[in-house]
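Scroll down for the structure; my scribbles are underneath it.
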Amino acid sequence: MRETPLEVSLKYVHGITWPVTKPVLLEAMERNGAPPDVLAAMHESDKTRFVSPAAVQMVLWVRA
Numbered sequence: 483m484r485e486t487p488l489e490v491s492l493k494y495v496h497g498i499t500w501p502v503t504k505p506v507l508l509e510a511m512e513r514n515g516a517p518p519d520v521l522a523a524m525h526e527s528d529k530t531r532f533v534s535p536a537a538v539q540m541v542l543w544v545r546a
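Shown next, in the form of structure tokens:
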């Protein structure tokens, strides 16, 4: 993951209506061009619901 979690959360979650379930989040991130390593990190998370971009950042910081 070359981008920081902050960059990822701003770039790839654009257009998401919060809160969001993991499947909807992954679909939106893929549509927004998230790279495979970012999608894999989110997929591996135990979280099933995200309430804000900050929740995405937290998952990515743990995995960075």
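For the sequence shown, position 63 matches number 545 in the numbering used here, and the numbering has no gaps at all.
C-beta: ideal position from N, C-alpha, C; glycine also.
Keep in mind that this is a model prediction, so the values were computed, not measured.
For His525, the uninterrupted alpha helix (DSSP H) run begins and ends at Pro518 to Glu526, by DSSP. Nearest C-alpha to Met524 among Arg484, Ala536, Ser534 and Lys504: Lys504. Around the beta carbon of Val544, fewer than 16 other beta carbons sit within 10 angstroms, so the residue counts as exposed. At a Cβ-Cβ threshold of 7 Å, Val506 and Phe532 do not count as neighbours.
In the structure shown, Arg484 falls within a coil segment according to DSSP collapsed to helix, strand and coil.
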